[in-house]
Amino acid sequence: MPAIPTDFVPLALDATRWEAVEPYFQSLQTRPVGSPADLEKWLIDRSELEASCQQAESILYINMTCHTEDKGAQAAWTRYLEDTQPRLKPAAFELDKRQDEMLKRLGLVQRAGGRYRVLARDTAAEVELFRPENVPLQTDLAKLDQKYQQITGAMTVQFDGREQTMPMMGKYQESTDRGVREAAWRGVGERRLRDAAEIDGIYDEMVALRQKVAENAGFRDYVGYAFKSKRRFDYGPAECFRFHEAVEKVVVPFMRRQDARRAELLGLGGAASRSASSLRPWDLIVDPKGREPLRPFEGGRDLVRKSRATFDRLDPQLAGMFAGLGDGASGNGAAGGACLDLDSRKGKAPGGYQSMRDRDRKPFIFMNAAGLHRDVETMVHEAGHAFHSMLAIDEPLLHYRHAPLEFCEVASMSMELLTMPYWGDPAGFYPTREDADRARRRQIEGSVSMLPWIATIDAFQHWVYTNPRHTREARTAQWLALDTRFGHAVSWDGLEPFRASTWQRQLHLFGVPFYYIEYGIAQLGALQLWVSSLEQGQAAAIAAYKKGLSLGGSRPLPDLFAGAGLKFDFGPEIVGRLVDRVEKELAKLPE
Numbered sequence: 000m001p002a003i004p005t006d007f008v009p010l011a012l013d014a015t016r017w018e019a020v021e022p023y024f025q026s027l028q029t030r031p032v033g034s035p036a037d038l039e040k041w042l043i044d045r046s047e048l049e050a051s052c053q054q055a056e057s058i059l060y061i062n063m064t065c066h067t068e069d070k071g072a073q074a075a076w077t078r079y080l081e082d083t084q085p086r087l088k089p090a091a092f093e094l095d096k097r098q099d100e101m102l103k104r105l106g107l108v109q110r111a112g113g114r115y116r117v118l119a120r121d122t123a124a125e126v127e128l129f130r131p132e133n134v135p136l137q138t139d140l141a142k143l144d145q146k147y148q149q150i151t152g153a154m155t156v157q158f159d160g161r162e163q164t165m166p167m168m169g170k171y172q173e174s175t176d177r178g179v180r181e182a183a184w185r186g187v188g189e190r191r192l193r194d195a196a197e198i199d200g201i202y203d204e205m206v207a208l209r210q211k212v213a214e215n216a217g218f219r220d221y222v223g224y225a226f227k228s229k230r231r232f233d234y235g236p237a238e239c240f241r242f243h244e245a246v247e248k249v250v251v252p253f254m255r256r257q258d259a260r261r262a263e264l265l266g267l268g269g270a271a272s273r274s275a276s277s278l279r280p281w282d283l284i285v286d287p288k289g290r291e292p293l294r295p296f297e298g299g300r301d302l303v304r305k306s307r308a309t310f311d312r313l314d315p316q317l318a319g320m321f322a323g324l325g326d327g328a329s330g331n332g333a334a335g336g337a338c339l340d341l342d343s344r345k346g347k348a349p350g351g352y353q354s355m356r357d358r359d360r361k362p363f364i365f366m367n368a369a370g371l372h373r374d375v376e377t378m379v380h381e382a383g384h385a386f387h388s389m390l391a392i393d394e395p396l397l398h399y400r401h402a403p404l405e406f407c408e409v410a411s412m413s414m415e416l417l418t419m420p421y422w423g424d425p426a427g428f429y430p431t432r433e434d435a436d437r438a439r440r441r442q443i444e445g446s447v448s449m450l451p452w453i454a455t456i457d458a459f460q461h462w463v464y465t466n467p468r469h470t471r472e473a474r475t476a477q478w479l480a481l482d483t484r485f486g487h488a489v490s491w492d493g494l495e496p497f498r499a500s501t502w503q504r505q506l507h508l509f510g511v512p513f514y515y516i517e518y519g520i521a522q523l524g525a526l527q528l529w530v531s532s533l534e535q536g537q538a539a540a541i542a543a544y545k546k547g548l549s550l551g552g553s554r555p556l557p558d559l560f561a562g563a564g565l566k567f568d569f570g571p572e573i574v575g576r577l578v579d580r581v582e583k584e585l586a587k588l589p590e
């Protein structure tokens with residue numbers, strides 16, 4: 000569908016202020032709409048208004064996470080949460096009700112050959128879910144997440160003669176000196192424990208608030224509410240449990256075989272030996288053959304330069320998109336229209352994300368680069384999200400410029416695998432064949448070994464929200480049981496307090512509840528695409544990737560997977576088949 004021009008929303012609109020956007024919401028609420036053509040124009044105008052609102056929110060969030068110690072940035076985000084967002088949600092609900100009625104009355108879904116089917120389905124769900132009494136509760140939840148971000152963003156450790164952030168400390172887990180690894184691991188763990196009780200309290204409040212949100216909307220617990228609000232029309236808790244079982248039966252044995260081989264190469268015993276010579280949590284990242292850590296880049300600019308070289312070899316269209324993001328030199332959030340803030344620093348929130356500024360249609364990538372291979376993974380991962388946004392950039396409907404998270408993560412995770420053949424270029428991350436092979440082996444292993452952690456986090460959330468009045472002690476016991484079920488074959492002897500609170504590092508549990516199974520579903524899609532690249536060639540895989548991503552969110556989830564030539568399936572059969580293929584490919588690479 001070609002874009003329909005609109006001048007409904009001024010480019011200079013300050014959409015952080017309710018009084019600035021309110022007249023446009025009122026105009027859409029009262030505008031006469033008597034024909035399908037009128038409705039299509041109305042939908043485009045609504046899209047651009049909400050794109051302006053989403054962009055304003057995105058920039059405030061970027062500033063808040065890039066500068067957690069900046070009182071102005073924090074206050075601006077808080078003002079938005081307290082003053083603007085609570086007014087936007089009821090206004091959007093009123094438009095949803097009108098949109099739902101007009102779509103049905105004017106028969107636009109039937110007239111447009113299914114073009115609006117997903118929009119109609121999603122709008123109806125939003126209308127069914129909305130409760131005005133939940134708006135202040137959702138504001139409270141957002142402020143609690145802001146508090147969590149501030150606490151974790153302020154965490155630093157004095158180590159190696161200087162103050163270092165949590166991401167910076169990651170490099171010591173690759174040290175060939177086991178004493179250094181242990182000291183760094185304990186330093187990070189002890190620092191996290193200092194705030195563990197406060198973070199527990201934040202989570203307690205969040206669980207109680209989410210239960211109330213669910214009950215207000217007519218649900219027994221937050222599980223049902225979360226699945227409907229995330230528009231999970233194509234799978235439910237039962238399919239998630241099948242994924243957990245598949246991971247337990249197929250992937251955990253694979254991961255623990257890798258752990259046993261790692262212990263053997265390091266000259267250590269297995270977890271069962273429960274001694275100082277056992278495989279321990281600080282032994283999971285170091286090169287098992289005692290080689291120096293991989294150091295793929297130095298700083299954000301070098302990371303971008305080498306990423307560009309990688310994408311240049313992968314595909315010219317994707318390379319052009321990446322080149323348009325900048326050189327990685329900026330460290331001031333989205334100021335000046337910047338698209339990248341990459342380097343780790345004190346006062347920066349943890350993690351990484353890609354956020355689309357929807358009115359300008361410009362992506363922004365946030366991460367905490369510290370010179371590690373995992374930063375390479377993050378860079379190409381978030382670039383995949385940016386590619387997704389840019390491949391759907393001409394879609395006139397904002398709703399269809401965003402896809403379900405399960406498919407968004409296919410866009411990002413596929414880049415982690417499809418770029419592997421190009422990491423070893425002299426201008427790339429790993430000039431030597433040995434280092435390139437090490438990095439590829441680590442990536443392939445990790446693409447499967449991450450599935451047990453995904454299952455752990457997802458199963459944990461199912462338990463938490465089906466038992467919303469649980470005690471902290473019961474929550475800890477459940478976490479430990481899940482770690483026993485899905486975790487690495489390491490000894491935690493003497494480390495019990497650290498083990499009990501490891502879940503707190505997973506920021507998704509706080510700000511985006513139930514957003515994690517998507518990674519597992521998507522990783523299976525990405526692995527399918529990678530296998531296709533091995534069997535049909537890189538060009539065919541990239542063509543399928545771009546074809547699927549260009550659909551945005553305009554199709555149901557299984558159809559989006561099919562658009563990229565993938566099966567929407569995360570049961571035991573496909574998990575087993577993909578793990579078998581991974582083991583065969585690993586056998587071809589040197590250890």
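So the sequence shown is numbered by numbering that gives the first Met the number 0: it starts at 0 and just counts up by one. Positions of the beta carbon are idealized from the N, C-alpha and C atoms, including for glycine.
Buried or exposed (CB count within 10 angstroms, at least 16 for buried), residue i
i	result
T175	exposed
A11	exposed
Q25	exposed
G299	buried
K546	exposed
A2	Any reading at A2 needs caution, since the residue's pLDDT is 41, under 50, leaving its predicted position unreliable; the model's value is listed next. When all chains shown are included, A2 counts as exposed.
V251	buried
W228	In the sequence as presented, Trp is not what sits at residue 228; that position holds Ser. Result: buried.
S34	exposed
Q535	exposed
P451	buried
N367	buried
E415	buried
Q503	buried
E590	exposed
T470	exposed
P89	exposed
A586	exposed
V447	buried
L533	exposed
L264	exposed
Beta carbon proximity, residue i to chain B, threshold 8 angstroms
i	result
S51	The structure shown contains no chain B; it is built from a single protein chain.
Boundaries (first-last residue) of the alpha helix (DSSP H) holding residue i
i	result
F321	315-322
R241	236-245
L102	84-104
Y224	221-228
G71	70-78
V285	Segment: none, V285 is in no alpha helix (DSSP H) and carries neither H nor E.
G591	Outside the modelled stretch of the chain, which goes from 0 to 590, sits residue 591, for which no answer is possible.
T377	372-390
R260	251-265
Contacts around residue i, its chain only, beta-carbon distance under 6 angstroms, and the 5 residues preceding and following it disregarded
i	result
E394	R400, G551
Y147	I201, F509
R439	M419
S57	S354, R356
Beta strand (DSSP E) segment containing residue i, residue limits
i	result
N367	361-368
R356	352-356
D340	339-342
Residues of its chain near residue i, where Cβ-Cβ distance is below 7 angstroms and the 5 sequence neighbours each way are ignored
i	result
D37	none
E204	L143
A183	F158, M168, Y171, Q172
Cut-off 8 angstroms between Cβ atoms - residues of its own chain near residue i, not counting five sequence neighbours on either side
i	result
F226	G235, P236, F513
A337	G325, S329, N331, F363
T122	D95, Q98, D99, L102
Worksheet item: Counting only runs that start and end within the stretch 450-513, where is the alpha helix (DSSP H) found for 4 or more residues in a row?
Response: 471-485, 495-499, 507-510
* To do: For the stretch 359-378 and the stretch 518-526, state whether three or more C-beta atom pairs, one from each stretch, are separated by less than 8 angstroms.
  => Because the criterion of three Cβ pairs below 8 angstroms is not met, the stretch 359-378 and the stretch 518-526 do not touch.
(message) Quick check on the DSSP output: what are the complete alpha helix (DSSP H) runs of length 4 or more inside the stretch 121-181, in order along the chain?
(response) 134-152, 165-168
**Stretch pair the stretch 163-170 + the stretch 480-499: three plus CB contacts closer than 8 angstroms** = no
Q. Are at least three pairs of beta-carbons, each pair with one atom in the stretch 559-577 and one in the stretch 414-428, less than 8 angstroms apart?
A. no
| Is the number of C-beta pairs between the stretch 429-449 and the stretch 459-473 that are closer than 8 angstroms three or more? | no
**Contact between the stretch 93-104 and the stretch 119-128 (3+ Cβ pairs under 8 angstroms)** = yes
Between the stretch 147-156 and the stretch 186-200, can you find at least three pairs of beta-carbon atoms closer than 8 angstroms? yes
Review point. Is there contact here, the stretch 324-341 with the stretch 276-287, by at least three beta-carbon pairs under 8 angstroms?
Key: no
**Asked** Below 8 angstroms, can you find three or more Cβ-Cβ pairs linking the stretch 12-20 to the stretch 45-54?
**Response** The answer is yes - the stretch 45-54 touches the stretch 12-20, with three or more Cβ pairs under 8 angstroms.
* When the Cβ atoms of the stretch 327-340 are set against those of the stretch 358-367, are three or more pairs found closer than 8 angstroms? -> Yes, the stretch 327-340 is in contact with the stretch 358-367.
- request: With a floor of 4 residues, list each alpha helix (DSSP H) that falls wholly inside the stretch 27-72, ordered by position along the chain.
  value: 35-65
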